[in-house]
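Just so you know, we're using the numbering used here here: the sequence shown kicks off at 891 and counts up by one. Where is the CB? At the ideal position from N, CA and C, for every residue including glycine. Nothing here was measured: the structure is a model prediction, and the numbers come from that model. To start, the structure under review is shown below, and the notes come after it.
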Amino acid sequence: MASNNQGNQGGKSNRGFASMDPQRQREIASEGGRAAHEKGTAHEFTSEEAREAGRKGGMARSANRRSAMSQGSSHASGSSGGTSSHSGGGSENQ
């Protein structure tokens, strides 16, 4: 059977949002954000919602790091390069 991707030997598609250059992606996303605000359907975080989201993210990151370290993973620090001395879960004590 013939495939629609036969001419694409490299495994990357030249179609779709993900294949666009980053500047064009930003332009399209920005248009969508502006349209949502004009329509009145865009969600705007209150400072309390933003604080809670940050707290949850910090807790999840901290839990993921602890889990990776307990499994003996050499990639416990994720993509940060492992040079930071910050524990990643500092917001738990607030």
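N-terminal and C-terminal residue of the alpha helix (DSSP H) that asparagine 904 is part of: Where asparagine 904 is concerned, there is no enclosing alpha helix (DSSP H), given that its DSSP letter is neither H nor E.
Cα-Cα separation, alanine 932 to arginine 951: 27 Å
Reduced DSSP secondary structure (H/G/I, E/B, other) of glutamate 934: coil
Whole-angstrom distance between glycine 962 and arginine 956, CA atom to CA atom: 10 Å
7 Å Cβ shell around lysine 929 - same chain, five flanking residues per side excluded: none
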